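Asks:
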Amino acid sequence: LGQFRDTPTLLLWGLKDFVFDRHFLAEWQRHFPHAETHTWADCGHYLLEDAGDEAIVRVREFLDKYPIT
229 LGQFRDTPTL LLWGLKDFVF DRHFLAEWQR HFPHAETHTW ADCGHYLLED
279 AGDEAIVRVR EFLDKYPIT
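All residue numbers for the sequence shown refer to this note's numbering, where the first residue is 229 and numbers rise by one.
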């Protein structure tokens, strides 16, 4: 994971995820402390089903900040 230390990173997380709980999010944040993180307290494992419109907005904003070249 160290090779991605300087790579812009976006974490989108449903806090009600029954598989990848807050412990997993904390571990990703530990590896990528620079990551932009957005969480949804009322969303679960299928974030795009629970908050798809909002998540897509966050992805678009992120890609606008860090366009793929």
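We put the beta carbon where it would ideally sit given N, CA and C, even for glycine. The structure displayed is predicted, hence computed values, not measured ones.
Can we count residue 232 as close to the ligand MN, meaning its CB is less than 8 Å from some heavy atom?
Replies: Here there are no bound small molecules, and the ligand MN is not part of this structure.
Asks: If we ignore side chains and look at the alpha-carbon of each, how far apart do residue 269 and residue 262 end up?
Replies: As a first step, residue 269 must be located in the sequence shown, where it is residue number 41. As a first step, residue 262 must be located in the sequence shown, where it is residue number 34. If I take the Cα positions, the gap works out to 21 Å.
Asks: Please work out which residues of its chain come closer than 8 Å, Cβ to Cβ, to residue 256, disregarding the five sequence neighbours upstream and downstream, and give them in chain order.
Replies: Within the sequence shown, residue 256 is the residue found at index 28, counting from 1. Cβ neighbours of residue 256 beyond the five flanking positions: 239 and 263.
Asks: Do residue 253 and residue 199 count as a contact pair if the criterion is CB distance below 9 Å?
Replies: An answer regarding residue 199 cannot be provided, because it is not within the stretch 229 to 297 covered by the chain.
Asks: Rounded to a whole number of angstroms, what is the C-alpha to C-alpha distance between residue 251 and residue 265?
Replies: Position 23 of the sequence shown, counting from 1, holds the residue named residue 251. Position 37 of the sequence shown, counting from 1, holds the residue named residue 265. Computed Cα separation, rounded: 14 Å.
Asks: Among 279, 234, 258 and 231, which has the Cα closest to the Cα of residue 245?
Replies: Position 17 of the sequence shown holds residue 245. The option with the nearest alpha carbon to residue 245 is 279.
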